């Protein structure tokens with residue numbers, strides 16, 4: 001019994017229970033959920049882009065055949081990441097200028113425009129590619145502003161949990177995106193444009209919610225940085241649901257003001273160049289740059305995003321046939337990641353800590369990759385001789401892989417990118433790390449079809 005009372009989980013629960021009850025209010029939840037929903041477009045795109053290219057109507061409309069299929073699909077899936085890299089870096093100039101709230105609204109408007117361009121491209125590859133790049137601008141920018149805004153607004157004791165709502169929203173979008181494609185394939189004739197247009201058009205619904213929401217609250221930290229202390233205090237009162245003279249609120253507001261004042265005294269209140277100089281000239285900030293970039297490099301070169309983006313093709317390699325079955329299996333993979341991410345956000349990160357969670361996830365991923373590489377090497381040359389148990393295990397391993405990815409390299413880089421940076425350079429640090437993330441993401445998603453086609457399997 002004593003062991004349980006002294007456990008990390010018990011200490012975490014006691015810490016949450018000690019918070020004033022007013023903190024858990026609808027303003028906090030609605031605002032953080034709204035910023036978390038900025039992750040839906042990224043997840044939706046990951047889940048639906050490759051699956052849409054499997055639809056008969058899409059292949060017919062865009063003239064895909066065996067010779068052009070891999071190159072065109074590679075462009076369709078990967079070009080969004082080019083836009084995302086540009087959007088992530090450019091977001092720095094807007095996040096600190098117009099605020100977290102209006103930045104998120106602007107980015108989601110851009111995404112809706114990009115999705116509609118893709119939806120209405122009607123077989124024109126150039127227009128489709130343009131739509132993908134425009135949508136990517138929003139996806140990259142929102143991966144910066146979403147986690148950053150939540151980390152700035154969430155109470156310290158549950159900051160890790162609430163920041164990971166962004167990842168949960170991404171996986172929710174991925175799941176809905178996949179099953180939307182599955183439903184279109186099942187119920188709409190391949191002779192109709194609507195079969196591939198509906199999955200792109202439905203993507204505009206979630207951004208519309210964030211764009212029109214008028215009850216959301218701006219980040220108190222950003223308001224303090226911009227020299228608007230009274231508005232910052234009012235925003236904090238709204239987010240915490242506590243009276244202005246409550247000791248908890250006064251302590252948090254004093255801490256925010258003190259940190260920002262100290263940073264301004266040390267580095268001045270300069271503009272963009274001052275922020276960039278502070279990022280690269282202070283040794284502790286260089287370590288932050290190093291840590292976040294390495295985290296994103298590891299995430300991409302773990303191969304998990306290749307699995308996610310081209311899962312229908314991966315299922316083909318291990319013996320799953322039929323468009324319906326492949327898309328449905330891909331949807332189940334997204335559900336598995338979503339469930340694992342929810343469990344991780346509730347149990348692992350704030351209880352076990354970031355480092356232990358990361359090591360657990362990497363270990364599970366490595367074991368899954370070892371099995372799948374052995375399976376592809378030795379059991380796929382003669383499919384008729386493959387024992388059913390071995391192929392079933394390969395499918396199961398893909399879903400176990402979802403657990404390792406969700407508790408490690410999928411979620412933690414976003415958490416690092418949101419939490420590690422000081423107030424003054426948080427926007428630039430997040431933009432810089434996400435730009436590298438999307439650069440590596442583009443390289444991996446662009447190369448994967450060629451790598452798969454060159455495999456002797």
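In the working numbering, the protein residues as written are 1 to 457. No residue lacks a Cβ here, since even glycine has one placed at the ideal position from N, Cα and C. These numbers were taken from a predicted model, which means no experiment stands behind them.
Residue environment, residue i, which counts as buried when at least 16 other CB atoms sit within 10 Å
{"i": "residue 195", "result": "buried"}
{"i": "residue 355", "result": "exposed"}
{"i": "residue 445", "result": "buried"}
{"i": "residue 252", "result": "buried"}
{"i": "residue 401", "result": "buried"}
{"i": "residue 374", "result": "exposed"}
{"i": "residue 377", "result": "exposed"}
{"i": "residue 265", "result": "exposed"}
{"i": "residue 447", "result": "exposed"}
{"i": "residue 100", "result": "buried"}
{"i": "residue 451", "result": "exposed"}
{"i": "residue 240", "result": "buried"}
{"i": "residue 148", "result": "buried"}
{"i": "residue 191", "result": "exposed"}
{"i": "residue 220", "result": "buried"}
Backbone secondary structure at residue i - three-state DSSP
{"i": "residue 220", "result": "helix"}
{"i": "residue 441", "result": "helix"}
{"i": "residue 54", "result": "coil"}
{"i": "residue 190", "result": "coil"}
{"i": "residue 314", "result": "helix"}
{"i": "residue 24", "result": "coil"}
{"i": "residue 410", "result": "coil"}
{"i": "residue 449", "result": "helix"}
{"i": "residue 425", "result": "coil"}
{"i": "residue 3", "result": "Its pLDDT being 45, under 50, residue 3 is placed unreliably by the model, and the measurement read from it follows with that caveat. In the structure shown, residue 3 sits in a helix (DSSP, three-state: H, G or I)."}
{"i": "residue 302", "result": "coil"}
{"i": "residue 325", "result": "helix"}
{"i": "residue 258", "result": "helix"}
{"i": "residue 164", "result": "coil"}
{"i": "residue 227", "result": "coil"}
{"i": "residue 485", "result": "Residue 485 is absent from the model: the chain starts at 1 and stops at 457."}
{"i": "residue 65", "result": "coil"}
{"i": "residue 387", "result": "coil"}
Extent of the continuous alpha helix (DSSP H) run through residue i
{"i": "residue 156", "result": "Run containing residue 156: none; DSSP gives neither H nor E here."}
{"i": "residue 121", "result": "Here residue 121 belongs to no alpha helix (DSSP H), and DSSP marks it neither H nor E."}
{"i": "residue 282", "result": "Per DSSP, residue 282 belongs to no alpha helix (DSSP H) and is neither H nor E."}
{"i": "residue 361", "result": "354–378"}
{"i": "residue 347", "result": "Premise fails: residue 347 is in no alpha helix (DSSP H) and is neither H nor E."}
{"i": "residue 215", "result": "Residue 215 -> no alpha helix (DSSP H), and no H or E assigned at all."}
Residues near residue i by beta carbon distance below 7 Å, same chain, minus five either side
{"i": "residue 211", "result": "105, 108 and 109"}
{"i": "residue 433", "result": "292, 293, 296 and 417"}
{"i": "residue 263", "result": "422, 423 and 424"}
{"i": "residue 81", "result": "136, 438, 441, 442 and 445"}
{"i": "residue 340", "result": "402, 403, 406 and 407"}
{"i": "residue 288", "result": "420, 421 and 429"}
{"i": "residue 302", "result": "365 and 409"}
{"i": "residue 337", "result": "171, 402, 405 and 406"}
{"i": "residue 256", "result": "220, 221 and 224"}
{"i": "residue 51", "result": "178, 181, 312, 327 and 330"}
Same chain, Cβ closer than 8 Å to residue i, neighbours up to 5 away in sequence not counted
{"i": "residue 123", "result": "61, 62 and 63"}
{"i": "residue 458", "result": "This structure does not reach residue 458, given that the chain is present from 1 up to 457, and the question cannot be answered."}
{"i": "residue 237", "result": "243, 244 and 249"}
Residues near residue i in its chain [Cβ-Cβ closer than 6 Å; skip 5 each side]
{"i": "residue 419", "result": "151"}
{"i": "residue 197", "result": "119"}
{"i": "residue 201", "result": "119"}
{"i": "residue 128", "result": "118 and 121"}
{"i": "residue 358", "result": "408 and 412"}
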